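First comes the structure, then the notes that go with it.
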Amino acid sequence: MSLSGVSFFTRGFDVAAVREDLSSQAEDRQLAALQQVVAYMTVGKDMSGLFVEVAAVASSTNMLMKRLAYLYLIQNARVQPEKAVLQAGTFVRDTLHSSALVRGAALRTMTNLQLSLMADFAIGPVRRCLEDDDPYVRRCAVMAALKYFSVATNAAQEISLIERLAECLEDDNHAVVAACVQASLEMLSRGAPISLRQAVVAARPSYEARLAECTEWSAHYLLEGIAYAMGTPRDRVVQPATAWLAEAERTLMTVMPFIFLNNSAVSMSAIKVVALFLVTLHDDAELAPARERIEQTYADRLVRALIAKLQAPRYELRYFFIRNILVFLHTHLRTYFAPHLIEFLIKYDDPIFIKLEKVNVLIALADEASGQQVLNELVIYVRDSDVELSSKTVRAIGTIAARVPTLAPACVAELQKLIATKVPRIVEDAAIVLHTVLRYFPGRYVDVVPTLCEALTVLNNVEAEAAIIWIVGENAKRVPGAIGNYLSLFTENFLEQPRMVQLAVLTALAKIYARDDDGKHMKEAAFKLLTAVTTQSLGSCLPDLRDRALFYTRLLSSDLATAKRILGVSDLSPMDPPATTLLMGASEREVLSELGSLVVVEQKTLAVLLGEGAIGAYRLGENENSESDDDDAAATDAKAREEVATPVGRLPAGAAPTVASPTTPSAPTKGPLMTSSAFEVLLPASAGSGVEISMRWSQLGTRLVLLCRLQLHEGDEYVHQARVLNLQVNRNMFSLGVAQAFPVTVLEPEEKPAELSLVMSRNNARQPTRDIQIAAEISPIGVRYFTAPPIPPTMLLLPATSIDRGVFLDALKEQPQVAWTMPPQLAPLRCDPVRISVNAMRVHAFDLVHRKEFYTSKNATLNAFFLYAETLSRQKLFFELTFNREEVLLLTARADYAPLAAFFGEYLMHVVQFIGSSARALR
1 MSLSGVSFFT RGFDVAAVRE DLSSQAEDRQ LAALQQVVAY MTVGKDMSGL FVEVAAVASS
61 TNMLMKRLAY LYLIQNARVQ PEKAVLQAGT FVRDTLHSSA LVRGAALRTM TNLQLSLMAD
121 FAIGPVRRCL EDDDPYVRRC AVMAALKYFS VATNAAQEIS LIERLAECLE DDNHAVVAAC
181 VQASLEMLSR GAPISLRQAV VAARPSYEAR LAECTEWSAH YLLEGIAYAM GTPRDRVVQP
241 ATAWLAEAER TLMTVMPFIF LNNSAVSMSA IKVVALFLVT LHDDAELAPA RERIEQTYAD
301 RLVRALIAKL QAPRYELRYF FIRNILVFLH THLRTYFAPH LIEFLIKYDD PIFIKLEKVN
361 VLIALADEAS GQQVLNELVI YVRDSDVELS SKTVRAIGTI AARVPTLAPA CVAELQKLIA
421 TKVPRIVEDA AIVLHTVLRY FPGRYVDVVP TLCEALTVLN NVEAEAAIIW IVGENAKRVP
481 GAIGNYLSLF TENFLEQPRM VQLAVLTALA KIYARDDDGK HMKEAAFKLL TAVTTQSLGS
541 CLPDLRDRAL FYTRLLSSDL ATAKRILGVS DLSPMDPPAT TLLMGASERE VLSELGSLVV
601 VEQKTLAVLL GEGAIGAYRL GENENSESDD DDAAATDAKA REEVATPVGR LPAGAAPTVA
661 SPTTPSAPTK GPLMTSSAFE VLLPASAGSG VEISMRWSQL GTRLVLLCRL QLHEGDEYVH
721 QARVLNLQVN RNMFSLGVAQ AFPVTVLEPE EKPAELSLVM SRNNARQPTR DIQIAAEISP
781 IGVRYFTAPP IPPTMLLLPA TSIDRGVFLD ALKEQPQVAW TMPPQLAPLR CDPVRISVNA
841 MRVHAFDLVH RKEFYTSKNA TLNAFFLYAE TLSRQKLFFE LTFNREEVLL LTARADYAPL
901 AAFFGEYLMH VVQFIGSSAR ALR
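Structure follows, in structure tokens:
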């Protein structure tokens with residue numbers, strides 16, 4: 001009986017009958033059974049028990065049965081990998097089949113299994129199919145090369161797979177070239193060698209030639225390749241400015257028609273090409289004479305294309321394009337959007353998510369010329385029935401006041417009118433905004449304070465109440481009856497007030513007392529309450545509140561001048577304007593290269609959004625076992641990789657590193673997440689009023705992650721509940737800072753420890769200190785300071801990939817000066833030079849670029865090694881290591897920042913001694 005369609009899903013599944021049909025010799029029974037197995041598999045049923053029977057069908061000559069069996073194997077191979085490897089022979093044989101469909105499907109299935117054991121079988125078929133006569137097979141082989149690279153990166157480079165893939169960038173078929181561009185760009189994000197980047201850039205004419213004949217999705221990838229090439233800075237030695245400009249304009253003439261297509265992916269890729277061209281034009285000083293004319297021409301057309309996208313038929317697409325426009329508004333191309341401000345005004349039928357994004361655009365477009373028009377629009381939106389839009393609009397008025405100082409008086413006047421309406425939600429938002437505005441402009445716009453104080457009775461928001469209390473404390477002179485009429489609303493039932501309000505009241509009272517004025521009754525009342533908080537009658541308040549009150553009373557009683565300086569009542573410095581960058585630490589080129597991607601829509605990096613699944617997160621730990629006939633110590637070094645990652649940064653200058661004990665290794669976590677040692681308690685419960693903070697470092701791809709464990713212990717003198725509000729990292733030599741918003745964490749005594757993963761980024765100011773100092777803001781305890789565990793140096797370096805010698809020499813010429821030299825050692829640093837091999841150094845993230853042996857005048861044999869490493873922030877490090885027999889004679893480091901050279905120079909000393917000790921132990 002033949003079945004079709006929905007029958008495969010509705011028919012009862014009899015395992016014994018299906019297994020019998022799969023094992024029979026009748027093709028119709030086998031096909032029906034296989035179709036039912038695949039149908040049940042697609043709805044989530046576990047069909048792995050039939051693996052042996054279905055795998056046998058994969059060798060069938062029936063094309064449909066073979067392809068269905070391939071689908072089954074892809075889905076279930078990871079459940080039974082040892083059985084899947086047994087089918088390798090079938091896959092390899094099918095890559096030689098006469099049918100191109102079978103060859104492509106077999107190769108795709110074999111590489112989709114993503115098993116390390118399958119990689120050895122895939123080498124020959126992948127290389128052979130890259131030269132196949134059929135473009136479908138070549139396209140499958142290109143994607144197979146990418147999958148093979150992700151499983152066995154080192155092996156892919158050793159068999160010249162990257163070079164063969166680069167040749168496919170010049171293929172005659174547009175689909176093959178598009179797939180090759182897609183695979184190459186992902187390989188580059190995963191740490192492919194620089195030669196592939198050069199090939200992608202050099203093949204730009206090939207992409208342009210095939211744009212006219214390809215489908216839309218192929219066009220998308222070809223345009224991505226052109227954008228990558230366009231975003232690469234010009235080589236000023238090889239290519240003169242005029243030649244580069246002429247070539248770039250020819251490319252733009254080919255690309256410009258695509259920016260108006262309805263396919264959003266294709267149009268955004270074309271827009272990215274134009275945007276990166278304009279950034280390169282803007283950054284290159286040699287192109288300055290022609291910059292204004294060319295930029296005006298192409299920028300106007302780019303802006304018109306983006307504005308036209310705002311009329312897309314679906315609101316989701318409009319949202320997508322507005323988010324991409326926001327990127328342009330934070331670059332030098334912002335001025336070209338100013339004439340189109342009217343296109344971003346809110347319409348009555350816009351959904352709320354579109355309205356909120358249009359407010360962001362209006363904020364970015366506001367300047368001295370258009371600010372008043374934007375302000376008039378925002379005032380209208382404040383009265384909208386949607387609470388979220390109204391709140392965001394009020395805050396937008398404050399943002400504009402801070403960014404455009406000439407418009408600040410008008411913004412404050414409008415906020416004062418909003419407060420006078422006495423509408424609670426509007427008054428609350430306006431109070432919070434005015435608190436910020438008055439901090440930006442200290443001593444100005446104080447005439448709004450009485451109006452704001454009169455609205456205290458309508459407030460229900462804690463943040464708004466705290467903001468007004470701060471304003472009253474800062475401007476008490478100008479507020480008649482500041483304590484008796486206004487602060488008394490919060491002091492009469494002080495203990496029942498929220499914590500934020502209590503702390504704000506204490507600070508306001510301290511400021512009132514510290515100021516030099518004639519209101520003695522105000523000073524007396526302020527000091528009376530401050531004193532009362534520290535007495536037994538108010539002893540039930542939390543420790544941080546009592547301690548703050550005690551600090552204020554003693555400070556005000558002992559040294560009034562110091563109190564004024566600490567409280568900021570003598571010289572209140574204005575705050576800096578709010579930052580205008582979307583992604584902190586990212587240049588215009590880096591941000592615009594993400595146009596059309598999830599990074600722009602979410603305004604977060606992929607590592608933060610997707611974690612270990614992020615494209616570009618190089619999977620450590622998967623490629624460290626490459627075979628080497630001439631390196632016996634590679635396996636030992638790989639096992640001890642985490643031992644080497646001990647805190648070299650704490651060694652005193654001039655002291656020889658101490659090798660970790662080989663009997664107590666600290667094994668890394670398997671998979672893409674590499675972690676350091678166990679959690680280290682940094683803030684004990686005794687110092688944190690019950691809050692204990694432990695941390696350790698880990699690695700997610702090439703991103704550094706700080707794992708935090710927060711726990712609240714019970715105790716008589718401990719708090720009964722705590723909230724960790726924020727965590728900040730001080731300046732350090734690695735420029736590390738937290739790359740994401742810290743999630744507020746509530747801690748209870750009996751709950752399990754809360755664990756957080758904070759992605760780090762190079763977004764902090766640099767300072768020559770190796771220790772990572774951390775400040776944690778904990779309510780109600782206050783701020784606590786401690787030092788994070790030392791970072792394993794391997795986690796600060798990118799994985800070692802073979803660097804081209806020519807590229808190495810060119811980069812070395814840019815660092816002619818030695819930044820650090822190994823200091824004299826009390827005990828000689830010893831290691832057999834034979835053990836300094838490519839694989840042994842690659843385990844520790846160093847590239848061995850060149851080895852040289854020469855003789856001195858005294859017939860002594862010297863061995864010199866030239867090493868290269870690159871930090872997570874793409875800073876290049878160059879090392880020269882010279883041996884006299886087994887003794888290290890010289891070790892130098894070159895870098896553009898001397899403290900980094902010293903840090904990693906000491907780390908290399910540690911690595912060399914560890915390799916030497918391991919070799920002696922093996923003897």
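Reading the sequence shown from the start, the letters are residues 1 to 923 in full-length UniProt numbering. Beta carbons are placed, not taken as given, at the ideal position from N, Cα and C, and that holds for glycine. No experiment lies behind these values; they were computed from the predicted model shown.
Residue nearest to isoleucine 432 within the set Gln416, Leu736, Leu306 and Pro289 is Gln416 (criterion: CA-CA distance).
Out of Ser24, Tyr72 and Arg784, the CA that lies nearest to the CA of glycine 44 is found in Tyr72. Rounded to the nearest angstrom, the Cβ distance from isoleucine 778 to valine 818 is 46 Å, too far for a contact under 8 Å. Taking 8 Å as the cut-off, the Cβ atoms of leucine 556 and alanine 510 count as close. Bounds of any alpha helix (DSSP H) do not take in methionine 760; it lies within the beta strand (DSSP E) bounded by 754 to 761. Boundaries of the alpha helix (DSSP H) around serine 150: 135 to 151. Counting C-beta pairs with one atom in each stretch, the segment 418 to 438 and the segment 394 to 404 have three or more that are closer than 8 Å, which means they touch.
For the options Ile915, Ala275 and Ala901, the alpha carbon positioned closest to that of isoleucine 294 is the one of Ala275.
Close CB contacts of alanine 741 within its chain, under the 7 Å cut and outside five residues either way in sequence, are absent. DSSP places valine 423 in no beta strand (DSSP E); its state is neither H nor E. By a beta-carbon distance limit of 8 Å, threonine 605 contacts alanine 739. Their separation comes to about 7 Å. Leucine 161 has its alpha-carbon roughly 20 Å from the corresponding atom of asparagine 173. DSSP places isoleucine 354 within a helical segment (H, G or I) once states are collapsed to three. Excluding sequence positions up to five before and after phenylalanine 353, its CB lies within less than 7 Å of the CB of Tyr319, all in the same chain and listed in chain order. Counted as a single uninterrupted DSSP element, the alpha helix (DSSP H) harbouring glutamine 75 occupies residues 63 to 76. Between leucine 712 and arginine 696 a beta carbon distance of about 20 Å is seen, past the 8 Å cut, so the two are scored as non-contacting. A straight line joining the alpha-carbon of glutamate 748 with that of histidine 720 spans about 7 Å.
In the DSSP assignment, leucine 101 falls within the alpha helix (DSSP H) that extends over 100 to 112. Your pair valine 126 and leucine 169 does not check out as a contact, with CB atoms roughly 16 Å apart and the cut at 8 Å. Counting the other Cβ atoms within 10 Å of the Cβ of lysine 347 gives fewer than 16, which makes it exposed. In the three-state DSSP reduction, tyrosine 336 falls in the helix class (H, G or I).
In this structure, Ser60 is the residue among Asn112, Ala466 and Ser60 with its C-alpha nearest to the C-alpha of histidine 97.
Annotation for threonine 882: the continuous beta strand (DSSP E) segment containing it runs 876 to 884.
Within the same chain, Cβ atoms closer than 6 Å to the Cβ of phenylalanine 277 are found at Met230 and Ala248, the five residues on either side in sequence being excluded. In the three-state DSSP reduction, glutamate 777 falls in the strand class (E or B). Valine 599 counts as buried, since at least 16 other C-beta atoms from the protein chains shown sit within 10 angstroms of its C-beta. Valine 744 sits exposed, since fewer than 16 C-beta atoms from the chains shown fall within 10 Å of its C-beta. The DSSP-derived three-state label of asparagine 493 is coil. Per DSSP, cysteine 708 is one residue of the beta strand (DSSP E) stretching across 703 to 712. Each residue's CA atom was taken as its position, placing alanine 202 and threonine 232 some 11 Å apart.
Between the beta-carbon of arginine 709 and that of glutamate 750 there is about 16 Å, and that puts the pair past the 8 Å contact cut. Taking leucine 456 as the centre and dropping the five residues before and after it, the same chain places the C-beta of Glu465, Ile468, Tyr486 and Leu489 closer than 8 Å to its C-beta, in chain order. Leucine 890: member of the beta strand (DSSP E) spanning 887 to 894, first to last residue. With a 10 Å radius around the Cβ and a threshold of 16 neighbouring Cβ atoms, serine 184 comes out buried. Judged by DSSP in its simplified three-state form, asparagine 863 adopts strand.
Linking proline 135 to valine 92 through their CA atoms gives a straight-line distance of about 19 Å.
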